[in-house]
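Residue numbers 173 to 399, in this note's numbering, belong to the letters of the sequence shown in order. Have a look at the structure below, then the notes.
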Amino acid sequence: MQSPSPYSGATLGGPGPLMLISYAQSLVLFATPKTGSTALEYALAPSCDLRLTGAPARRHTTMQTYEARMEARVRALCPDEPELVALVREPLDWLGSWYRYRARPGMKVPRNSTRGMSFDEFIGGYLSDAPPPPCRLGTQADFLARGDGSCGVTMLFPYERFNEAAAYLRRRLETAAVPDAVNVSPPAELTLSPEMEARLRAERAADFALYQKAVAGWDALAARIDA
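So this is what it looks like as structure tokens:
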């Protein structure tokens with residue numbers, strides 16, 4: 173049985189400005205965790221009208237929260253239909269980044285640390301019915317899903333196209349600000365057994381499908397943003 177995702181109509185905590193809205197440019201940037209979005213938003217926040225920061229209920233706003241609480245107002249204030257922008261990362265790479273990030277020294281909440289835990293154990297915990305604290309992450313697919321289960325993003329960039337996403341957003345927001353590295357995960361050995369990888373791919377098929385959608389759609393998206 174797949175465990176409930178904390179991203180289903182919920183929010184995820186984190187520091188700094190984590191969702192940006194430009195009414196003038198009809199643009200909303202969703203902060204998919206561990207895709208470099210925090211770096212983008214630190215750079216681009218001064219060029220936007222609304223920055224969601226502060227209390228946990230406002231951080232890393234999910235698509236379902238946006239849909240339920242914000243979308244009608246945003247659409248009313250934008251001159252055009254808003255573009256909903258996000259990045260998505262290959263799921264194994266995404267989980268590896270979380271594993272490494274939570275193994276860093278000086279974790280503010282020690283129980284969330286992955287130190288002493290193998291990557292296999294981390295993935296097993298992540299897939300369990302009751303994930304231990306270091307493994308409570310949700311999924312990228314849930315984070316970007318509308319209430320009907322469909323992906324709500326209208327411009328979905330694969331993480332490998334971060335530079336292109338940053339350039340597009342700078343152009344749209346008419347700023348020269350360049351993102352600096354933020355929340356970078358330290359290096360670590362990542363070894364996953366074939367059995368655990370197969371289980372991950374089966375139980376988180378929606379995440380792998382979302383990433384493949386972004387990769388497959390890149391050529392069309394590149395043509396669109398260069399037009």
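All residues carry an ideal CB built from backbone N, CA and C; glycine is no exception.
For this session: State buried or exposed for V260, treating a residue as buried only when at least 16 other CB atoms are found within 10 Å of its CB.
Result: Here residue 260 refers to the residue found at position 88 when the sequence shown is read from its first residue. The residue is buried, with at least 16 neighbouring Cβ atoms inside 10 Å.
Problem set entry | Cβ shell of W270 (< 7 Å), same chain only, five flanking positions each side left out | Here residue 270 refers to the residue found at position 98 when the sequence shown is read from its first residue. The residues are K206 and L309.
Exercise. Among the residues of its own chain, which have a CB less than 8 Å from the CB of G389, if the five just before and after it don't count?
Worked result: Against the sequence shown, residue 389 aligns to sequence position 217. Closer than 8 Å at the Cβ level, and outside the excluded window around G389, lie L328.
Exercise. For P263 versus T286, is the C-beta spacing smaller than 7 Å?
Worked result: Taking the first residue of the sequence shown as 1, we reach residue 263 at position 91. Taking the first residue of the sequence shown as 1, we reach residue 286 at position 114. No, these two residues do not count as a Cβ contact at 7 Å.
For this session: Over the uninterrupted beta strand (DSSP E) stretch that includes E255, give me the two end residues.
Result: Start at 1 with the first residue of the sequence shown, and residue 255 comes out as number 83. E255 to V260 is the span of the beta strand (DSSP E), which, as asked, contains E255.
For this session: Could you check what DSSP says for M327 in three-state terms: helix, strand or coil?
Result: Counting from one through the sequence shown, the residue named residue 327 turns up at place 155. Strand at M327.
Problem set entry | DSSP bridge partner residues for V200 (one or two, in chain order) | Numbered from 1 along the sequence shown, position 28 holds the residue referred to as residue 200. Answer by DSSP bridge pairing, in chain order: I193 and L256.
Problem set entry | N- and C-terminal bounds of the alpha helix (DSSP H) containing P218 | For the purposes of this step, residue 218 is taken as the residue at position 46 of the sequence shown. Where P218 is concerned, there is no enclosing alpha helix (DSSP H), given that its DSSP letter is neither H nor E.
Exercise. Looking only at its own chain, which residues have a Cβ that is under 8 Å from the Cβ of A392, when we skip the five neighbours before and after it?
Worked result: Counting from 1 along the sequence shown, the entry for residue 392 is found at position 220. Once the five neighbours on either side are set aside, A392 has no close Cβ partner at all.
For this session: Mind checking which residues open and close the alpha helix (DSSP H) that includes L345?
Result: Within the sequence shown, the letter at position 173 stands for residue 345. F334 to L345 is the extent of the alpha helix (DSSP H) around L345.
Problem set entry | 7 Å Cβ cutoff met for S194 and A203 | Within the sequence shown, residue 194 is the residue found at index 22, counting from 1. Within the sequence shown, residue 203 is the residue found at index 31, counting from 1. Contact: no.
Exercise. Which residue or residues does DSSP assign as beta-bridge partners of A317?
Worked result: By 1-based counting over the sequence shown, the position of residue 317 is 145. Answer is C323, bridged to A317.
Exercise. Going by Cα to Cα distance, which pick from G268, V257, C250 and A244 is closest to M191?
Worked result: The sequence position of residue 191 within the sequence shown is 19, counting from 1. Ranking the options by Cα distance to M191, first place goes to V257.
Problem set entry | Cβ separation of R241 and P359, assumed to be a contact under 8 Å, to the nearest whole Å | Within the sequence shown, the letter at position 69 stands for residue 241. Within the sequence shown, the letter at position 187 stands for residue 359. 39 Å between Cβ atoms; not a contact.
Exercise. Hey, quick one: how far does the alpha helix (DSSP H) through S285 stretch, first residue to last?
Worked result: Here residue 285 is taken as the residue at index 113 of the sequence shown, counted from 1. Taken as a continuous stretch (DSSP letters only), S285 belongs to no alpha helix (DSSP H), as it is neither H nor E.
Problem set entry | Assigned exposure category for V281 - 16 Cβ within 10 Å defines buried | What you label residue 281 is simply residue 109 of the sequence shown in a count that begins at 1. V281 comes out exposed.
Problem set entry | Residue from A215, R376 and A248 whose Cα sits closest to the Cα of T314 | On the sequence shown, residue 314 is found 142 positions in, with the first residue counted as 1. This sequence places Asp at residue 314; Thr is not what is there. The candidate whose alpha carbon is nearest that of D314 is R376.
Exercise. What's the gap between the Cα of E253 and the Cα of A348?
Worked result: Position 81 of the sequence shown, counted from the start, is the residue given in the question as residue 253. Position 176 of the sequence shown, counted from the start, is the residue given in the question as residue 348. Each residue's alpha carbon lies about 25 Å from the other.
Exercise. Is S219 near L345, with beta carbons less than 7 Å apart?
Worked result: Residue numbering aside, residue 219 sits at position 47 when the sequence shown is read from its first letter. Residue numbering aside, residue 345 sits at position 173 when the sequence shown is read from its first letter. Result yes, Cβ atoms of S219 and L345 sit closer than 7 Å.
Exercise. Between M289 and I295, what straight-line distance do the alpha-carbon atoms span, to the nearest angstrom?
Worked result: Along the sequence shown, read from residue 1 onward, the residue named residue 289 stands at position 117. Along the sequence shown, read from residue 1 onward, the residue named residue 295 stands at position 123. So the alpha carbons of these two residues sit roughly 10 Å apart.
Exercise. According to the Cβ coordinates, are G297 and L362 closer than 7 Å?
Worked result: Within the sequence shown, the letter at position 125 stands for residue 297. Within the sequence shown, the letter at position 190 stands for residue 362. Going by C-beta atoms, G297 is not nearer than 7 Å to L362.
For this session: Return the Cβ separation of G319 and E243 in integer angstroms, given the expectation that the two are a contact with Cβ distance under 8 Å.
Result: Locating residue 319 in the sequence shown gives position 147, counting from the first residue. Locating residue 243 in the sequence shown gives position 71, counting from the first residue. Contact doesn't hold; Cβ gap of about 11 Å is too wide.
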